[in-house]
Amino acid sequence: MVMFEELAEGCIATILSRTTPVDAGKLSLVSKTFHSAANSDDVWDRFLPPHSPFIDSIILQSPSLVKVPTKKDLYLALSDRPIIIDHGKKSFQLERKSGKKCYMLAARSLTINWGDSERHWNWISMHDSRFPEVAELRAVLWLEIRGMINTPALSPNTQYAAYLVFKMINARGFQNCPVELSVGVEGGHSITNIVCLDSNVDGRWHNRVLGLQQPSVRSDGWLEIEMGEFFNSGLVDEEVQMSVMDTKGGQGKTGLFLEGIEVRPKEGN
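First residue of the sequence shown: -7, per my numbering; consecutive thereafter.
Here it is, written out as structure tokens:
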């Protein structure tokens, strides 16, 4: 009976390419043959997104990737940190454990009501943002932000979630004013969540926001809150629409710093 480790390296590479990046890393410790197979381009090419023109376009927009020597190194580079694309209006990254695609749509790529009015919004740079610009809310009564992404850009057969990424600095008008976050496919069903963007709730309004979802702190120091989720089958070209709405409160708001909307695989997916 042939032992598994005695299989030809090419056969082992074929088997490993049908696992996951995490599994390949673990199995590389089995033996020298496994280590060599697990680090081969044949394996890691299968872990990269299947459309090579897409990867080529990412590499062209990030000169640091041009000199990456192996497919494994390319995978690790794409999953290590966000790659800024589309002239600073998006970022792209692979989820390290699965190789699934993640994006963040910069504030500049979103449709923001009154976003071109300096009286209402200001475009600034922040040292801890991945993007050249973020949107600073100066003063509005009604908040309306919209974004979209097409499903072919995403990984197929994947449950995704969208997250609003922002900061609150000297914010006013959000403590007692719930906001509607919505995610849905154009022309189809959408999910709407009522949330509280500012966790510093005035005691007088505690009951109004009691039990509402509140933001959490990300590893990069920004806040995020889940807007909703959707399943991408990969079989249909659809447009996923995302929105942040408060058109009913009529209360003046300021102090929101918007980095963007992140779309990534739902945790546990």
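Quick reminder that beta carbons are idealized off the backbone N, C-alpha and C, glycines included.
When you compare only the Cα positions, how much space is there between residue i and residue j?
i	j	result
Q205	V187	5 Å
V255	F222	10 Å
D15	A69	18 Å
Q53	Q243	42 Å
H181	Y155	18 Å
Y183	D37	The sequence as given places Ile at residue 183; Tyr does not occur at that position. Going by the C-alpha atoms only, they are around 36 Å apart.
H79	H27	39 Å
P45	L133	44 Å
L175	A153	It should be noted that the sequence gives Val, not Leu, for residue 175. Cα to Cα, V175 sits roughly 9 Å from A153.
Below 8 Å between beta carbons: does that hold for residue i and residue j?
i	j	result
V171	M237	yes
Q151	K258	yes
W113	L129	yes
G226	D120	no
L173	M219	yes
E110	V177	no
P13	F39	yes
V228	T143	yes
I253	L135	no
Counting only the same chain and skipping the five closest in sequence on each side, list residues whose C-beta sits under 7 Å from that of residue i.
i	result
A163	D190, T246, G247, L248
S117	P124, E125
N199	Residue confidence for N199 is low, a pLDDT of 45 falling below 50, so the modelled location carries little weight and cannot support an answer.
Looking only at C-alpha atoms, which of the options sits nearest to residue i?
i	options	result
N31	K59, G2, K64	K64
R10	V35, H27, K18, G17	V35
R122	W134, R100, G2	R100
D48	S90, W106, F26, I77	I77
D108	A127, S71, S23	A127
N168	P148, N192, L8, K159	N192
D33	K18, Y67, T25	Y67
At what residues does the beta strand (DSSP E) containing residue i begin and finish?
i	result
G139	135 to 142
S235	231 to 238
K63	Counting along the chain, K63 falls outside any beta strand (DSSP E), though it belongs to the alpha helix (DSSP H) covering 63 to 72.
E218	215 to 224
F249	246 to 257
C188	Note, C188: premise wrong, no beta strand (DSSP E); not H, not E.
Quick one: residues in its chain with C-beta nearer than 6 Å to the C-beta of residue i, no 5 flanking neighbours on either side, listed in chain order?
i	result
R138	T103, S235
M140	E231, Q233
Would you say residue i lies against chain B (beta-carbon separation less than 8 Å)?
i	result
E259	No chain B is part of this structure, which consists of one protein chain only.
Given residue i, which residues of its chain have a CB within under 8 Å of its CB, disregarding the five upstream and five downstream residues?
i	result
S208	L215, E216, I217
A145	K93, Y95
A131	R111, H112, G244, K245, T246
Starting from residue i, trace the alpha helix (DSSP H) both ways and give me its first and last residue.
i	result
R164	From DSSP, R164 is part of no alpha helix (DSSP H) but of the beta strand (DSSP E) over 150 to 164.
G17	13 to 19
F39	33 to 39
A127	From DSSP, A127 is part of no alpha helix (DSSP H) but of the beta strand (DSSP E) over 126 to 129.
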